[in-house]
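The next block holds one structure in the form of structure tokens; read it before the comments.
In our numbering, the protein residues as written are 159 to 277.
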């Protein structure tokens, strides 16, 4: 419970707005049926891309590797030798990235488990 309270307090942020901006945000928020806070968060989400999770990156690399493998198996003659070398190199890089990300995820999981045991 204390962790949730600390998280809530840490996530609060005091912000000075230029003259007139508060009113503009209020008008937009009312129009969209949201609170001013929800409207500000929505605007920030739209303009500040989120960082993909390790899981998202792993899934993307798995998908790309699968598609490349399928393409190479389906019609190897479709690709010239240079493209084939590039594709195989990309697959190796994706596999290496996949292994590193999984290892990082495992380390993070172990750190979390370790910190929970100490509490």
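By construction, the Cβ of each residue, glycine as well, lies at the ideal position given by its N, Cα and C atoms.
- With contacts defined by Cβ atoms closer than 8 Å, residue 249 and residue 227 form a contacting pair.
- When rounded, the separation of the alpha-carbon atoms in residue 274 and residue 241 is 49 Å.
- When the Cα atoms are used, residue 246 and residue 272 turn out to be separated by approximately 39 Å.
- Three or more Cβ pairs drawn from the stretch 249 to 260 and the stretch 199 to 219 lie within less than 8 Å of each other, which places the two stretches in contact.
- Taking residue 198 as the centre and dropping the five residues before and after it, the same chain places the C-beta of 183 closer than 7 Å to its C-beta, in chain order.
- A Cβ-Cβ contact shorter than 8 Å links residue 192 with residue 200.
- Annotated as distal: residue 179 and residue 187, with beta-carbon spacing of 8 Å or more.
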